[in-house]
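Let me begin by presenting the structure, written as C-alpha coordinates, before commenting on it.
In our numbering, the protein residues as written are 4 to 148.
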(Lines of atoms letter the chains of each structure in order from A; the text may use other names.)
(Lines give C-alpha, C1' and ligand atoms only; values in the text may rest on other atoms or scores of the structure.)
Protein backbone atom coordinates (compact mmCIF):
# COMPACT_ATOMS: atom_id res chain seq x y z
CA UNK A 4 0.00 0.00 0.00
CA UNK A 5 1.29 3.47 -0.90
CA UNK A 6 1.50 6.28 1.70
CA UNK A 7 -1.70 8.05 0.62
CA UNK A 8 -3.60 4.77 0.46
CA UNK A 9 -2.42 3.87 3.99
CA UNK A 10 -3.54 7.28 5.25
CA UNK A 11 -6.95 6.93 3.54
CA UNK A 12 -7.38 3.43 4.97
CA UNK A 13 -6.44 4.68 8.45
CA UNK A 14 -8.85 7.62 8.13
CA UNK A 15 -11.64 5.21 7.16
CA UNK A 16 -10.81 2.98 10.16
CA UNK A 17 -10.98 5.97 12.51
CA UNK A 18 -14.26 7.08 10.97
CA UNK A 19 -15.73 3.57 11.21
CA UNK A 20 -14.81 3.57 14.92
CA UNK A 21 -16.63 6.91 15.38
CA UNK A 22 -19.71 5.50 13.66
CA UNK A 23 -19.67 2.44 15.87
CA UNK A 24 -19.15 4.52 19.02
CA UNK A 25 -22.12 6.79 18.27
CA UNK A 26 -24.38 4.12 16.72
CA UNK A 27 -24.32 5.74 13.27
CA UNK A 28 -24.54 3.99 9.93
CA UNK A 29 -21.25 4.45 8.09
CA UNK A 30 -22.83 6.03 5.00
CA UNK A 31 -20.94 7.33 1.95
CA UNK A 32 -22.33 10.82 2.72
CA UNK A 33 -21.00 10.83 6.29
CA UNK A 34 -17.64 9.47 5.13
CA UNK A 35 -17.36 12.10 2.38
CA UNK A 36 -18.13 14.93 4.83
CA UNK A 37 -15.63 13.46 7.33
CA UNK A 38 -12.96 13.19 4.62
CA UNK A 39 -13.58 16.81 3.63
CA UNK A 40 -13.44 18.27 7.14
CA UNK A 41 -10.89 15.98 8.82
CA UNK A 42 -7.60 17.86 9.05
CA UNK A 43 -8.99 20.83 7.12
CA UNK A 44 -7.56 23.96 8.77
CA UNK A 45 -9.41 26.47 6.55
CA UNK A 46 -12.55 26.54 8.75
CA UNK A 47 -14.85 25.90 5.78
CA UNK A 48 -18.51 26.84 5.72
CA UNK A 49 -21.31 24.44 4.79
CA UNK A 50 -21.40 25.59 1.15
CA UNK A 51 -17.71 24.93 0.49
CA UNK A 52 -17.95 21.53 2.20
CA UNK A 53 -21.08 20.74 0.19
CA UNK A 54 -19.33 21.72 -3.07
CA UNK A 55 -16.41 19.40 -2.32
CA UNK A 56 -18.63 16.51 -1.23
CA UNK A 57 -20.95 17.04 -4.22
CA UNK A 58 -17.97 16.70 -6.58
CA UNK A 59 -17.63 13.12 -5.33
CA UNK A 60 -21.30 12.38 -4.57
CA UNK A 61 -23.39 14.43 -7.05
CA UNK A 62 -26.74 13.54 -5.47
CA UNK A 63 -25.88 14.73 -1.94
CA UNK A 64 -28.00 17.66 -0.75
CA UNK A 65 -26.85 20.74 1.12
CA UNK A 66 -29.31 19.84 3.88
CA UNK A 67 -27.68 16.40 4.30
CA UNK A 68 -24.22 17.95 4.57
CA UNK A 69 -25.51 20.53 7.07
CA UNK A 70 -27.21 17.83 9.17
CA UNK A 71 -24.07 15.67 9.16
CA UNK A 72 -21.85 18.61 10.17
CA UNK A 73 -24.15 19.45 13.06
CA UNK A 74 -24.25 15.79 14.05
CA UNK A 75 -20.42 15.75 14.10
CA UNK A 76 -20.35 18.99 16.10
CA UNK A 77 -22.93 17.65 18.55
CA UNK A 78 -20.65 14.71 19.33
CA UNK A 79 -17.42 16.72 19.59
CA UNK A 80 -15.76 15.50 16.38
CA UNK A 81 -15.57 19.10 15.13
CA UNK A 82 -16.40 22.55 16.51
CA UNK A 83 -19.07 24.76 15.05
CA UNK A 84 -18.02 28.41 14.93
CA UNK A 85 -21.12 30.60 14.91
CA UNK A 86 -21.73 34.32 14.69
CA UNK A 87 -19.17 35.00 12.02
CA UNK A 88 -21.02 35.42 8.72
CA UNK A 89 -22.44 31.91 8.82
CA UNK A 90 -21.47 28.75 10.66
CA UNK A 91 -17.91 27.58 9.98
CA UNK A 92 -16.45 24.25 11.06
CA UNK A 93 -13.12 23.43 12.69
CA UNK A 94 -11.56 19.97 12.80
CA UNK A 95 -8.96 21.06 15.36
CA UNK A 96 -10.61 20.19 18.68
CA UNK A 97 -7.51 20.81 20.81
CA UNK A 98 -7.50 24.01 22.89
CA UNK A 99 -6.69 26.93 20.58
CA UNK A 100 -7.98 30.37 19.69
CA UNK A 101 -9.17 32.04 16.50
CA UNK A 102 -8.30 35.30 14.83
CA UNK A 103 -11.07 36.37 12.44
CA UNK A 104 -10.50 39.07 9.83
CA UNK A 105 -13.39 41.53 9.90
CA UNK A 106 -12.74 42.47 6.28
CA UNK A 107 -12.29 39.21 4.34
CA UNK A 108 -13.58 36.69 6.92
CA UNK A 109 -10.37 34.61 6.98
CA UNK A 110 -9.90 32.58 10.15
CA UNK A 111 -6.50 31.66 11.55
CA UNK A 112 -5.76 29.41 14.53
CA UNK A 113 -3.37 30.40 17.30
CA UNK A 114 -2.13 28.24 20.14
CA UNK A 115 -3.32 28.72 23.69
CA UNK A 116 -0.93 27.93 26.49
CA UNK A 117 -3.62 27.50 29.09
CA UNK A 118 -5.58 24.63 30.54
CA UNK A 119 -9.26 25.34 29.77
CA UNK A 120 -10.45 23.38 32.82
CA UNK A 121 -8.09 25.21 35.18
CA UNK A 122 -9.02 28.57 33.64
CA UNK A 123 -12.75 27.85 33.87
CA UNK A 124 -12.25 26.71 37.47
CA UNK A 125 -11.23 30.27 38.35
CA UNK A 126 -14.57 31.62 37.13
CA UNK A 127 -18.09 31.22 38.45
CA UNK A 128 -19.65 29.40 35.51
CA UNK A 129 -23.39 28.69 35.97
CA UNK A 130 -23.34 25.33 34.19
CA UNK A 131 -21.22 22.52 32.80
CA UNK A 132 -18.74 23.65 30.17
CA UNK A 133 -18.62 21.57 26.98
CA UNK A 134 -16.63 23.99 24.83
CA UNK A 135 -14.55 27.09 25.42
CA UNK A 136 -13.44 29.36 22.64
CA UNK A 137 -11.17 32.39 22.54
CA UNK A 138 -11.79 34.61 19.56
CA UNK A 139 -10.13 37.82 18.43
CA UNK A 140 -11.24 39.94 15.50
CA UNK A 141 -9.41 42.57 13.51
CA UNK A 142 -7.64 42.86 10.16
CA UNK A 143 -5.45 40.12 8.73
CA UNK A 144 -2.05 41.20 7.32
CA UNK A 145 -3.40 41.14 3.74
CA UNK A 146 -6.42 43.37 4.50
CA UNK A 147 -4.34 45.65 6.70
CA UNK A 148 -2.12 46.66 3.74
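Glycine included, C-beta positions come from ideal geometry on N, C-alpha and C. In this text, all values refer to a predicted model and were calculated from it rather than measured experimentally.
- Residue 93 sits in a strand when the DSSP states are folded into three classes.
- Within the same chain, no residue comes within 6 angstroms of residue 70 by CB-CB distance, once the 5 residues on both sides are set aside.
- Beta-carbon to beta-carbon, residue 56 and residue 63 are separated by about 5 angstroms, close enough to satisfy the 8 angstroms threshold.
- Taking the Cα positions, residue 77 is about 19 angstroms away from residue 137.
- With at least 16 other beta carbons inside 10 angstroms of its own, residue 93 counts as buried.
- In the displayed model, residue 109 falls within coil according to three-state DSSP, outside both helix and strand.
- Close CB contacts of residue 81 within its chain, under the 8 angstroms cut and outside five residues either way in sequence, are with 40, 72, 75, 92, 93, 94, 96 (chain order).
- When DSSP states are grouped into helix, strand and coil, residue 118 belongs to the coil group.
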